[in-house]
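Worksheet for the structure shown next.
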Amino acid sequence: MSISTTNAADSDDLPPAMNGYTFKYHLGSAQTHDTFLAREDVSQNLYVVRAYSLGYLRQNEQIRQIVEREALMASIVQHPNITKFGGSFITKTDLFTIEKYYSQGELYRSIEVLSNGVEARPKVSYPPFSSLSNSTIIERDENLKNRQGLSIKTCKRILRELMLALRHLHENCGVAHRNLKLENIFLDREGHAIISGLGLCAVLPRKAPASLSPRKFNYKSKGVDIMREPPLPLRFCFGSKHYVAPELIEGHPYDGAAVDVWAAGVILFVMCTGCFPFDSESDKDEAVFKKIRDGDYTLSSHEGFKSIEEPLLQDILRNMLRFNPKARFSVDEVIEHPFLTN
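Here you go:
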């Protein structure tokens with residue numbers, strides 16, 4: 005069965021059972037793939053399965069490399085806060101990749117992002133498996149209208165888990181994530197943060213991948229080492245505009261680790277307030293980029309949103325969102341900051 009990204013979203017049809025998986029729900033469609041929830045027949049465990057048209061991948065070399073790199077990284081990187089890869093299989097028409105199912109879905113779903121000019125995108129409808137979602141430790145701030153933002157306690161825990169995962173990627177694997185955003189962070193049954201979206205990882209020039217064997221890291225596709233020659237090297241601006249670090253906008257070579265810390269700072273800001281630090285009424289890319297370049301954000305009250313009043317939270321945000329990447333906090337400095345250690 006060929007999964008077409010043009011019609012799957014309009015159809016309730018599911019792929020037939022194959023390779024030991026029975027497809028249960030169509031979770032959504034993207035430009036590059038369709039996403040399904042499937043149950044493994046033997047273990048009865050649930051998995052997220054993404055279906056990519058082989059024809060589409062053949063016509064889009066950059067997308068193909070991103071898909072291959074994400075599968076490679078997820079299969080060899082072992083960390084409790086990084087997604088678990090369940091394998092892949094190919095039919096005559098489609099490539100299927102398998103990842104562990106995280107029952108609370110995207111972190112995005114736990115935050116009501118209602119900033120001016122930014123429409124909350126349609127949320128994936130995760131099925132109500134009550135047996136998987138009855139043990140949440142995600143806490144809302146009950147003092148907020150419309151329940152915007154998460155509690156400080158929850159923000160601290162999620163930030164710490166994200167930074168531990170990033171430290172593993174940076175120090176042990178020698179790679180930067182480069183695409184950290186709310187949609188690439190999932191929450192498991194207990195509400196712990198899981199980083200996904202590893203397709204844009206790139207090797208940090210100053211780091212040797214100490215924990216990865218040369219055989220695994222010298223993975224070549226059509227003669228190209230897709231890890232050491234990424235489709236978007238460490239000089240290209242990419243990703244969702246609200247998370248882009250100022251040095252990416254200029255198009256110069258940059259430190260991927262510092263870019264990850266910036267994105268984590270944006271995520272912390274949104275978790276605490278319910279809105280993005282850099283936003284504009286027009287929501288046009290250049291308007292947002294100008295605010296990022298100018299460092300134009302405030303920790304004071306936004307209309308309809310929570311202000312950031314805790315001094316330690318203000319301090320860690322200022323240091324994670326420093327314009328100069330050399331002055332920006334490192335991952336270790338974030339982890340050791342009193343906001344997380346107190």
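Under my numbering, think of the first position of the sequence shown as 5, with each following residue one higher. For glycine and all other residues, C-beta sits at the position ideal for the given N, C-alpha and C. Predicted, not measured: the structure shown is a model, and the values here were computed from it.
Three-state secondary structure (DSSP) of residue i
i	result
Ala115	The amino acid at residue 115 is misidentified as Ala; the sequence shows Ile. Residue state, collapsed to three classes: coil.
Ala180	strand
Phe221	Note that Phe221 scores a pLDDT of 38, beneath 50, so its modelled location is shaky; the value from the coordinates is reported in the next line. Three-state result, Phe221: helix.
Glu110	strand
Tyr60	helix
Gly299	coil
Arg73	helix
Val265	helix
Asp17	coil
Lys104	strand
Thr4	A query on residue 4 cannot be resolved here, the shown segment of the chain reaching from 5 to 346 and no further.
Lys330	coil
Rounded separation between residue i and residue j - CA only
i	j	result
His181	Val263	9 Å
His172	Leu325	21 Å
Lys96	Pro257	40 Å
Leu31	Ser57	17 Å
Asp289	Lys245	7 Å
Ser33	Ile70	17 Å
Ile320	Asp38	38 Å
Cys177	Asn49	29 Å
Lys160	Tyr301	21 Å
Asp98	Lys157	43 Å
Gly208	Ser334	In the sequence on display, residue 208 carries Leu and not Gly. Between Leu208 and Ser334, the C-alpha separation is close to 14 Å.
Ala169	His83	7 Å
Ile253	Asn323	19 Å
Pro20	Val270	41 Å
Tyr29	Leu111	20 Å
Ala42	Leu18	10 Å
Ile312	Gln63	47 Å
Gly255	Val179	19 Å
6 Å CB neighbourhood of residue i in its chain, flanking five on each side removed
i	result
Gly201	Asn183, Asn188
Pro132	Since pLDDT at Pro132 reaches only 35, below the 50 mark, its modelled position is unreliable, and the value read off the structure follows with that caveat. Taken in chain order, the list of residues that qualify is empty.
Glu251	Tyr258, Pro329
Spatial neighbours of residue i in its chain, beta-carbon cut-off 7 Å, leaving aside the 5 residues before and after
i	result
Tyr106	Phe190, Leu191, Asp192, Ile198
Glu1	Here the chain comprises residues numbered 5 to 346, so residue 1 is not present and cannot be evaluated.
Val292	Lys245, His246, Phe282, Asp283, Ser284
Ser79	Phe89
Arg68	Leu61
Glu44	Gly24, Tyr25, Tyr51
Residue closest to residue i, alpha-carbon to alpha-carbon, out of the options
i	options	result
Arg113	Asp98, Leu186, Gln63	Leu186
Cys205	Gln318, Asp259, Leu344, Asn323	Asp259
Pro342	Glu314, Lys330, Arg332	Glu314
Glu340	Arg73, Ile115, Glu72, Met167	Met167
Glu103	Ile94, Phe89, Asp336	Phe89
Val81	Gly109, Ile156, Gly203	Gly203
Leu154	Ile115, Leu170, Thr39, Pro19	Ile115
Glu74	Gln63, Phe100, Asn49	Phe100
Leu303	Lys330, Leu272, Asn328	Leu272
Gly109	Gly91, Ala261, Thr87	Thr87
Ile94	Ile253, Ile296, Leu61, Val248	Leu61
Lys294	Ala267, Glu175, Ala249, Glu72	Ala249
Leu316	Val46, Thr345, Asp336, Ala268	Thr345
Val265	Ile312, Val46, Val338, Phe280	Val338
Contacting residues, own chain, Cβ-Cβ under 8 Å from residue i (five flanking each side not counted)
i	result
Asp298	none
Ser92	Ala75, Leu99, Phe100, Thr101, Ile102
Ala268	Leu163, Leu166, Met167, Leu170, Leu184, Met324, Val338
(request) Give a yes or no on contact between the segment 24 to 42 and the segment 52 to 64, applying the rule of three or more CB pairs nearer than 8 Å. (result) Pairwise C-beta distances place the segment 24 to 42 in contact with the segment 52 to 64, as three or more of them are shorter than 8 Å.
(request) Flag this pair as touching only if the segment 192 to 199 and the segment 276 to 286 have three or more C-beta atom pairs under 8 Å; answer yes or no. (result) no
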